[in-house]
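Here the structure is laid out as structure tokens; the discussion comes afterwards.
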Amino acid sequence: MPPGEFAIQFWREAGLIHPAFAKRAVASVTGNLARKKLGQLRESDLVKLDTALGLWFGL
Numbered sequence: 098m099p100p101g102e103f104a105i106q107f108w109r110e111a112g113l114i115h116p117a118f119a120k121r122a123v124a125s126v127t128g129n130l131a132r133k134k135l136g137q138l139r140e141s142d143l144v145k146l147d148t149a150l151g152l153w154f155g156l
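The sequence shown begins at 98 in my numbering and counts up one residue at a time.
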């Protein structure tokens, strides 16, 4: 995977039904497309996501 992209380690615990990955992409959706909250990422996956966002956006 390219730098900054990673597998969500605790995808089941986050309420996802399939393994998931953080990939560099920017997208927007309207409110009616976001149907429900699935769950919440664990701290270890949030740390990886924070690091990836910093890398992708130069933060």
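Even glycine gets a Cβ: it sits at the ideal position worked out from N, Cα and C.
Owing to the predicted nature of the structure, the values given are computational and were not obtained by experimental measurement.
Simplified DSSP assignment, three categories, for residue i
i, result
"A104", "strand"
"R149", "Checking the displayed sequence, the identity of residue 149 turns out to be Ala instead of Arg. DSSP places A149 in helix when its eight states are reduced to three."
Per-residue burial, residue i [other beta carbons within 10 Å of its own, 16 or more giving buried]
i, result
"L135", "exposed"
"K145", "buried"
"D142", "buried"
"A119", "buried"
"L130", "exposed"
Rounded distance between the beta-carbons of residue j and residue i, thought under 8 angstroms
i, j, result
"A117", "I105", "4 angstroms"
"W153", "R121", "5 angstroms"
Chain C within 8 angstroms of residue i, Cβ atoms only
i, result
"L143", "The structure shown contains no chain C; it holds only a single protein chain."
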